[in-house]
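Working notes, structure below.
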Amino acid sequence: MEGRAALPNAPDADMLAFMQKDAATLSARLAGFPRLGLVHPPTPLEPMKRLSAYLGGPRLWVKREDASGVGMGGNKLRKLDYVLHEAVAAGADTLVSGGVVQSNSQRQVAAAAAKLGMQCHLAVYHGRLAAPTREYGTSGNALLNRLFGAYMHDVPWTGDRNGAIESLGEQLRQQGRRPYVVPYGVSNALGAAGYASAIAEIAAQSSVAGFRPSAIVHCTGSGATQAGLVIGASMALEDTQVIGIDIDAEPERVRADVIKHARAAAKLLDTLFDESNVDVVAGHAGPAYGIPHQATIEAIKLAGSLEALILDPVYSGKGLAGLLALVRAGRWRADEDVVFIHTGGTPALFAYQSGLAI
Ligand SMILES: Cc1ncc(COP(=O)(O)O)c(C=O)c1O
């Protein structure tokens with residue numbers, strides 16, 4: 001970026017050295033956790049110049065977790081890279097997970113299983129939302145699950161996210177397989193600790209680009225993504241706020257889960273956790289989980305037409321809708337830098353096509 005040295009929040013040489021030292025501590029701690037290589041790090045950090053100009057600032061950047069690696073990418077792969085190392089080391093031959101019909105998480109588990117040569121069984125939850133389009137059950141992530149060779153087991157949604165996944169794992173064990181159960185959303189302590197690696201990358205990439213992010217904004221659901229970001233930022237980007245946009249329409253439940261996973265990840269990374277750093281913003285989930293509203297559609301269209309980014313109607317579209325609302329409410333000065341994490345979800349756009357009027 002031209003003229004970076006003149007920016008008021010550009011780090012001076014001492015600050016740069018300090019930032020790099022802290023990112024090095026985080027990277028060194030993360031190096032104690034082996035990963036499989038499903039992710040191609042670092043994912044790009046790109047300026048969103050046209051969207052920034054459209055809004056009149058702040059300077060917006062996008063961390064391309066949608067381009068993280070196998071099977072059309074997404075934020076869960078970064079967690080899976082660590083979590084599935086444990087599965088391989090344990091000698092598992094089968095991955096078991098689950099989610100709603102258009103879950104990106106279970107599609108990334110299915111992709112990883114295909115790549116690793118493991119069987120994949122998914123508890124596919126029906127009833128959390130009514131199918132919003134005629135293609136909902138067959139296109140997008142549902143199509144990719146079939147393409148990746150996953151076995152789908154239809155189960156009713158009861159609100160217990162892990163119950164049916166665990167019983168499926170137990171059934172497969174009794175049938176003689178060696179299953180490894182990946183929790184809903186790949187949200188557990190190791191997944192959260194692994195996600196802190198995104199902060200190590202952002203710290204390094206932003207210092208090279210000559211800025212310090214005032215905030216990192218992303219959509220939050222099962223909580224381990226935000227937990228990893230909060231713990232990582234406390235170690236390597238201390239002045240940067242992490243802001244999770246609730247897309248589940250359950251901000252209190254989300255906040256409690258972020259705190260639970262952050263506490264566990266802090267233990268693994270041998271660092272401290274301060275609950276006051278958990279900022280979950282409500283009000284941008286639309287009418288319910290999985291149902292896009294006008295603001296979601298506006299965000300998807302702006303990202304597509306100005307930045308050629310493909311957001312989805314369930315997660316990243318609502319995340320950007322939340323960021324747009326914060327920008328319009330004057331949360332940042334025009335000369336500040338804010339990073340939006342594109343957490344993926346690309347295939348779901350196609351499963352919602354007939355309902356979107358794009
Ligand atoms: C595209 C996308 N973005 C964000 C999230 C939320 O991440 P987390 O569940 O770790 O809060 C998900 C979860 O499924 C997702 O699929």
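Just so you know, the numbering used here puts 148 at position 148 of the sequence shown, and the rest follows in order with no gaps. Backbone N, C-alpha and C define an ideal beta-carbon position, used for all residues, glycine too.
Item to check | Nearest to Leu77 (by Cα), restricted to the options Leu268, Ser197, Phe340 | outcome: Ser197
Checklist entry - What's the C-alpha gap between Gly306 and Ile300? => result For the record, residue 306 in the displayed sequence is Leu; it is not Gly. Rounded to whole angstroms, Leu306 to Ile300 spans 10 Å at the Cα level.
Next on the checklist: Rounded to the nearest angstrom, what separates Ile202 and Pro251 at their Cα positions?
Outcome noted: 26 Å
Item to check | Collapsed DSSP secondary structure at Ala5 in the structure displayed | outcome: No answer about Ala5 holds up, because its pLDDT of 38 lies below 50 and its placement is not dependable.
Checklist entry - Any idea which residues DSSP pairs Ile216 with across the strands? => result Val242, Val339
Item to check | Cutoff 6 Å; reference Phe350; Cβ partners in own chain excluding five residues on either side | outcome: Ser139, Gly140
Checklist entry - Which residues mark the beginning and the end of the alpha helix (DSSP H) in which Gly319 is found? => result 316–328
Checklist entry - Below 8 Å between beta carbons: does that hold for Val242 and Ile216? => result yes
Checklist entry - With DSSP run on the structure shown, which of helix, strand or coil describes Gly191? => result helix
Checklist entry - Does DSSP put Thr296 in a helix, in a strand, or in coil? => result helix
Item to check | Residues that DSSP places opposite Leu122 in a beta bridge | outcome: Ser97, Met152
Next on the checklist: Pull the bridge partners of Pro47 from the DSSP assignment, please.
Outcome noted: Trp61
Next on the checklist: Considering only the alpha carbon of each residue, which of Ile231, Gly99, Gly137, Ser354 lies closest to Leu190?
Outcome noted: Ile231
Next on the checklist: Under 7 Å: does the beta carbon of Cys120 sit that close to some heavy atom of ligand 1?
Outcome noted: no
Item to check | Range covered by the alpha helix (DSSP H) that runs through Val88 | outcome: 75–89
Item to check | Neighbourhood of Asn75 by C-beta, 6 Å cutoff - its chain only, sequence neighbours within 5 removed | outcome: Glu65, Thr225, Thr343, Gly344
Checklist entry - Using a threshold of 7 Å, is the CB atom of Tyr125 nearer than that to any non-hydrogen atom of ligand 1? => result no
Next on the checklist: Measuring only the C-alpha atoms, how far is Met152 from Gly169?
Outcome noted: 13 Å
Item to check | Proximity test, Ser222 beta-carbon vs ligand 1 heavy atom, cut-off 7 Å | outcome: yes
Next on the checklist: Under 7 Å: does the beta carbon of Asp246 sit that close to some heavy atom of ligand 1?
Outcome noted: no
Checklist entry - If Glu336 sits next to Ser207, beta carbons under 8 Å apart, how far is it from one beta carbon to the other, in whole angstroms? => result Actually they are not in contact, since the Cβ atoms of Glu336 and Ser207 sit about 16 Å apart, beyond 8 Å.
Item to check | Span separating the alpha-carbon of Ala131 from that of Gly319 | outcome: 21 Å
Checklist entry - Which residues in the same chain have their Cβ closer than 7 Å to the Cβ of Leu309, if we skip the five residues on either side of it in sequence? => result Val62, Ala303, His342
Checklist entry - Mind checking His40: buried by the 16 CB within 10 Å criterion, or exposed? => result exposed
Checklist entry - Below 8 Å between beta carbons: does that hold for Ala112 and Ala192? => result no
Checklist entry - Nearest-angstrom Cα distance between Ala200 and Thr43? => result 11 Å
Next on the checklist: Taking the beta carbon of Ala329 as the centre, do at least 16 other beta carbons fall within 10 Å, making it buried, or is it exposed?
Outcome noted: exposed
Checklist entry - For Ile358, does the count of other Cβ atoms within 10 angstroms reach 16, so buried, or fall short, so exposed? => result exposed
Checklist entry - With a CB to CB cut of under 8 Å and the five nearest residues on each side skipped, what residues in its chain are close to Leu269? => result Leu26, Arg29, Leu30, Ala193, Ala196, Ile231, Met235
Item to check | Leu281, enclosing beta strand (DSSP E) - first and last residue | outcome: With the sequence shown as reference, residue 281 is identified as Val, and Leu is not the correct amino acid for it. Val281 -> beta strand (DSSP E) spans 279–281.
Checklist entry - Going by the C-beta, is Gln226 closer than 7 Å to any heavy atom of ligand 1? => result yes
Next on the checklist: What does DSSP give as the partner residue(s) for Ile310 in the beta ladder?
Outcome noted: In the DSSP output, where bridge partners are listed per residue, Ile310 has none listed.
Item to check | Reference Leu84; option with closest CA among Leu172, Ala110, Ala67 | outcome: Ala110
Item to check | Candidates Lys267, His218, His261: closest to Asp246 by CA position | outcome: His218
Checklist entry - Is Thr43 near ligand 1, in the sense that its beta carbon is under 7 Å from a heavy atom of that ligand? => result no
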